[in-house]
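Chemist: Residue numbers (my numbering): 894 to 1098.
Cβ atoms here follow ideal geometry from the backbone N, Cα and C, with glycine treated the same way.
Note that the structure is a prediction, hence the values are computed from the model and not measured.
Below you'll find the structure I mean.
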Ligand SMILES: [Zn+2]
């Protein structure tokens, strides 16, 4: 799993989803959490950098300090026992869309509806605080992906690959959303057809 986290970190960094030392990844393995360290570049992670904690956040293994967004990860895991992986990143198009205050319309593309469902925009809270953790985790009661205004995005899933695909799909639909906004034309999937996509979504994960 540590190797998977390092490989996923490289993909996230190479895609430009986590510039500099932004972004963090965690995975739940039984009653333990594997978490990336604070101040790390996700593209340069080594397996020995990954920190192991218990579900309360107590460090069990690892020399570095866990990610500063650890509160958010633990709060989401507490709220959603079904979640096994969480990725927080700073993908520029999703952030730009959040800053405009416009809602993200996943109904522009069928795949985005199936992979993401509805993606809310979460009100601003200071990064790394327990207040941000509480607010974001609240949205995860009903969603698997959020845009955090003036900050970034957080996605969660049952596997590390599927969670990365959510991040990739979110940045893609944000880009499509911005382009269609620039064209001033948005033909969304008919509402009566959305139920069929939501049924496919339920079967996927
Ligand atoms: Zn962040």
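With respect to 7 angstroms, is the separation between the Cβ of residue 919 and the closest non-hydrogen atom of ligand 1 below this value?
Modeler: Numbered from its first residue, the chain shown carries residue 919 at position 26. Not so, every heavy atom of ligand 1 lies at least 7 angstroms from the Cβ.
Chemist: Going by DSSP in three states, residue 952 sits in which element: helix, strand or coil?
Modeler: In the chain shown, the residue the question calls residue 952 occupies position 59. Strand, per DSSP.
Chemist: How is residue 959 classed by DSSP in three states: helix, strand or coil?
Modeler: The residue labelled residue 959 in the question sits at position 66 within the chain shown. It is a strand residue.
Chemist: When you measure from the CB of residue 1045 to every non-hydrogen atom of ligand 1, does any distance come out below 7 angstroms?
Modeler: Within the chain shown, the letter at position 152 stands for residue 1045. Under cutoff, so the answer is yes.
Chemist: According to DSSP, which residues form a beta bridge with residue 919?
Modeler: Counting from 1 along the chain shown, the entry for residue 919 is found at position 26. Answer is 928 and 979.
Chemist: For ligand 1, I want to know if residue 966 counts as a neighbour, meaning its beta carbon is within less than 7 angstroms of at least one of the ligand's heavy atoms.
Modeler: Sequence index remark: in the chain shown, residue 966 carries index 73 (1-based). Incorrect: residue 966 has no Cβ contact closer than 7 angstroms to ligand 1.
Chemist: Is residue 915 a contact residue of ligand 1, with contact defined as CB to any heavy atom under 7 angstroms?
Modeler: Counted from its first residue, the chain shown places residue 915 at position 22. For ligand 1, at least one heavy atom lies less than 7 angstroms from the Cβ of residue 915.
Chemist: Would you say residue 1046 and residue 1037 are within 8 angstroms of each other, going by their C-beta atoms?
Modeler: Translated into the one-based positions of the chain shown, residue 1046 becomes position 153. Translated into the one-based positions of the chain shown, residue 1037 becomes position 144. Cβ distance not < 8 angstroms, so residue 1046 and residue 1037 don't count as in contact.
Chemist: Do you know how far the Cα of residue 1054 is from the Cα of residue 963?
Modeler: In the chain shown, the residue the question calls residue 963 occupies position 70. In the chain shown, the residue the question calls residue 1054 occupies position 161. Each residue's Cα considered, the two are about 20 angstroms apart.
Chemist: Assuming residue 1048 is part of the beta strand (DSSP E), what are its boundary residues?
Modeler: Position 155 of the chain shown, counted from the start, is the residue given in the question as residue 1048. 1045–1050 is the extent of the beta strand (DSSP E) around residue 1048.
Chemist: Fully enclosed by the stretch 1008–1032, which alpha helix (DSSP H) runs are 4 residues long or longer?
Modeler: 1023–1032
Chemist: Flag this pair as yes or no: are the beta carbons of residue 902 and residue 938 separated by less than 8 angstroms?
Modeler: On the chain shown, position 9 is the one that residue 902 refers to. On the chain shown, position 45 is the one that residue 938 refers to. In contact: residue 902 and residue 938 (Cβ atoms closer than 8 angstroms).
Chemist: Please classify residue 943: does DSSP put it in a helix, a strand, or coil?
Modeler: Counted from its first residue, the chain shown places residue 943 at position 50. Residue 943: coil per DSSP, three-state reduction.
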